[in-house]
Amino acid sequence: CGEIATQAFELFSSRLAAFPAAPGGTGKIDPSLGAHMRAAVAAALEVYDRDASRYHSSVYGRQRTELVGKVHAALHPLFVSHLKNLHKLVLREFRVEVENAIKVEGYDFARVVDEARRRAQRHFEEEAGKVVLEQSGWDIVEARQTLEEDMEHVAELLRKEETRKMVAVIEVCLRRFGSSLSLQFTDFIFPFESDCRQRNIKRQMSDVVELALNTPTADMWDKVLVAFKAALAKAEEAYLKKATSQSPRRN
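In terms of my numbering, the sequence shown is residues 6 to 256.
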């Protein structure tokens, strides 16, 4: 049985050497890898079972178990590499899908992220499942969890960037509707206080926009505009009050 097992493993090794070359670059996978892996294992076991099954069952079974463990050990690096590249591929697809979706007017950020995440999960499960061999003891639990964490991190970064952009756009647009003159006047008188208050407005609006993106409604941008106008009006009132108090009094 030992000699037959050796011959079977040699056949497996020749099949393994004939596998198609791995795709160049990171984040690229060979969808046919799982099929090639199974075919190589099946070929080796077919030879072993055919020639060794006539020997004592305990010896036959022990040598077969060792052979299966040996071929799985040889294939495991390919399994690990495939999952790593699949992770990079799916994460990149997830990010691109979200970035493209939020360019469309009227998008719902939470829904965009959720739909992109679902598609990414399906793609990952489908491709990862192809390389999990029977009786190998391999699983994709940890790889799946890592992908989930990385998608959450990407979504958070994009949400923060979108919040920053929205606050900047709202600020510019509303400054054009009659606020610029008073701000320019007070900036001239109180440049330090003005800078601090403008940063305070941005902080307030960051919270408002972030809430809108996390819990979207049909009128969420109306609410954001109302909140910004209120914050801006409050800042202007404080500016003008300060300016009046500092003006020379007439006798």
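Where a beta carbon is used, it is the ideal one built from N, C-alpha and C, also for glycine.
Alpha carbon of residue i to alpha carbon of residue j, nearest angstrom
i	j	result
residue 16	residue 29	27 Å
residue 232	residue 121	30 Å
residue 143	residue 56	28 Å
residue 37	residue 25	9 Å
residue 128	residue 151	15 Å
residue 96	residue 131	15 Å
residue 91	residue 27	13 Å
residue 155	residue 85	18 Å
residue 34	residue 235	53 Å
residue 79	residue 73	10 Å
residue 88	residue 239	54 Å
Classification of residue i by the beta-carbon crowding that lies within 10 angstroms, buried from 16 upward
i	result
residue 68	buried
residue 60	exposed
residue 105	exposed
residue 164	buried
residue 134	exposed
residue 136	buried
residue 119	exposed
residue 39	buried
residue 45	buried
DSSP state of residue i mapped onto helix, strand, coil
i	result
residue 31	coil
residue 239	helix
residue 19	helix
residue 14	helix
residue 37	coil
residue 233	helix
residue 169	helix
residue 55	helix
residue 60	coil
residue 26	coil
Close beta carbons around residue i, own chain, < 8 Å, minus the five adjacent residues each side
i	result
residue 48	16, 17, 20
residue 146	none
residue 159	96, 99, 100, 103
residue 9	52, 53, 56, 57, 68
Close beta carbons around residue i, own chain, < 7 Å, minus the five adjacent residues each side
i	result
residue 52	12, 13, 16
residue 65	6, 57, 58
residue 93	31, 32
6 Å Cβ shell around residue i - same chain, five flanking residues per side excluded
i	result
residue 41	24
Exercise for review: Pick out the complete alpha helix (DSSP H) segments inside the region 75-162, 4 residues or longer, and give them in chain order.
Suggested key: 114-134
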